[in-house]
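Step one of this worksheet: look at the structure below.
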Amino acid sequence: MINGVIPESIGKLTNLKGISLKNNAISGPIPSNIGHELTEMAGLDHCGNILNSSTPPSMAEMKGLIIVDLSSNYLSGAIPSKWQSLKLLEYMDLSNNSFSGGIPSSICSLPSLEWLKLGYNNLSEDLSLSLQDCTGLSYLDLGGEIPEEITNLSVLGSLNLSWNQLSGKIPEKINNLQKLESLDLSRNHFSGPIPPSMSSLALLNHLRLSYNNRCSSGLKDPQYKDEGVDDEDRLSEMLWFYVSTALGFIVGYWVVCGTRLFSVCRRNARQALCGRCGFCGWLPKEGSAGV
1 MINGVIPESI GKLTNLKGIS LKNNAISGPI PSNIGHELTE MAGLDHCGNI LNSSTPPSMA
61 EMKGLIIVDL SSNYLSGAIP SKWQSLKLLE YMDLSNNSFS GGIPSSICSL PSLEWLKLGY
121 NNLSEDLSLS LQDCTGLSYL DLGGEIPEEI TNLSVLGSLN LSWNQLSGKI PEKINNLQKL
181 ESLDLSRNHF SGPIPPSMSS LALLNHLRLS YNNRCSSGLK DPQYKDEGVD DEDRLSEMLW
241 FYVSTALGFI VGYWVVCGTR LFSVCRRNAR QALCGRCGFC GWLPKEGSAG V
């Protein structure tokens, strides 16, 4: 596991197309000069470290970025508001940090942005105005309170708001998200009925509403099943599945191969008998007349 800090000299590696330092013990700030020379870099992945401070302003100069993953660190301050020059950015993950404030409108207006993950931060401002510009997102993972304007993101394919402190009712206009395939609102404080309008989400194939304060409603379509399986239960089921599959494979393998091995050994023994005794053919049965 690599530790220490990211050296300032990394900004001089002008031919770098990507940096991945994920899942180490790297601490300190992101170098302030990282974006001055690395303007053609496409991928920046520093997730799972101990980075602190805020994101350096020079990152706005990295116009070739397609993927930025700074999740699971200790970064703080406001979400960068001057990244409007990152026209190629498709994936942005700042989740599991200590960012505060709101979502800058410049982030949501990025023309190529499809995935935005900001959950597990300290976002506190009203997010409704920012989300009005996030119409091109296909995946959104968000903290804070759920705004009504989220139902205007008509091209959203996946919405994950789990493990927050969200409360109130699930928006009745959730049926506006007609391209939604996955919806996870688990482990919050939602209450009230499930909106019957959710039945019109024809593409929805994953719905998780477990660990909330909700009550039942008139939603009777059996395809919308609450997959409220605890993570430990899910892990146990997966472990048992793989163990049983492996055991089944081993038993089946030895049934088939053991039979073939027995036949080969028998044939080899017969051939050895031929070589030693000069006899080939079937041995006479006990009690039969000799030749």
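Residues 1 to 291 (this note's numbering) make up the sequence shown, in order. Quick reminder that beta carbons are idealized off the backbone N, C-alpha and C, glycines included.
| Check | Outcome |
| --- | --- |
| Alpha-carbon spacing of Leu142 relative to Leu203, whole angstroms | 22 Å |
| Close-in-space but distant-in-sequence residues of the same chain around Leu156 (CB under 7 Å, 5 per side omitted) | Leu137, Ser138, Leu140, Leu177, Lys179, Leu180 |
| Same chain only: Cβ atoms within 6 Å of Gly35, ignoring 5 sequence neighbours per side | Ser58, Met59, Glu61, Met62 |
| Any beta strand (DSSP E) of 3 or more consecutive residues that is wholly inside the region 104 to 181 | 115 to 117, 139 to 141, 158 to 160 |
| C-alpha distance - Met238 paired with Asn15, whole-angstrom precision | Confidence in Met238 is poor, its pLDDT being 44 and thus under 50, which makes the residue's placement too unreliable to answer from. |
| Proximal residues to Lys169 (C-beta, below 6 Å), its chain only, five neighbours per side dropped | Gly192 |
| Outcome for Met1 when other beta-carbon atoms lying within 10 angstroms are tallied against a minimum of 16 | exposed |
| Buried versus exposed, by CB contacts within 10 Å (16 or more), Gly77 | exposed |
| Three-state secondary structure (DSSP) of Ser191 | strand |
| Secondary structure of Ile42, DSSP reduced to three states | Before going on, a small fix: residue 42 reads as Ala here, not Ile. Of the three classes helix, strand and coil, the one that applies to Ala42 here is coil, per DSSP. |
| Nearest candidate by alpha-carbon position, reference Leu44, set Ser167, Gly28, Asn33, Leu21 | Leu21 |
| Assigned exposure category for Leu13 - 16 Cβ within 10 Å defines buried | exposed |
| Spatial distance of Arg208 from Glu8 (CA atoms) | 44 Å |
| When Ser200, Thr151, Leu123 are compared against Leu94, the one with the closest alpha-carbon | Leu123 |
| Lys82 classed as buried or exposed, judged by whether at least 16 other C-beta atoms fall within 10 angstroms | exposed |
| Reduced DSSP secondary structure (H/G/I, E/B, other) of Ala60 | helix |
| Where Ser197 falls: helix, strand or coil (DSSP) | helix |
| Outcome for Pro111 when other beta-carbon atoms lying within 10 angstroms are tallied against a minimum of 16 | exposed |
| Gly77, enclosing alpha helix (DSSP H) - first and last residue | Taken as a continuous stretch (DSSP letters only), Gly77 belongs to no alpha helix (DSSP H), being part of the beta strand (DSSP E) at 76 to 78. |
| Inter-residue CB distance, Leu113 and Glu90 (contact presumed, cutoff 8 Å) | 6 Å |
| Beta-carbon gap between Ser162 and Asp184 smaller than 8 Å | yes |
| Spatially closest choice to Asn71 from Ala42, Cys108, Asn23, Ser106, by CA coordinates | Per the sequence shown, residue 71 should be read as Ser rather than Asn. Here the closest residue by C-alpha is Asn23. |
| Alpha-carbon to alpha-carbon, Ile79 and Met92 | 11 Å |
| Exposed unless 16 or more other CB atoms sit within 10 angstroms - verdict on Val5 | exposed |
| Ser154 versus Gly119 - alpha carbon distance | 21 Å |
| Own chain partners of Ser53 with C-beta closer than 6 Å, once the 5 adjacent residues on each side are dropped | Pro29 |
| Residues near Asp69 by beta carbon distance below 6 Å, same chain, minus five either side | Asp45, Cys47, Asp93 |
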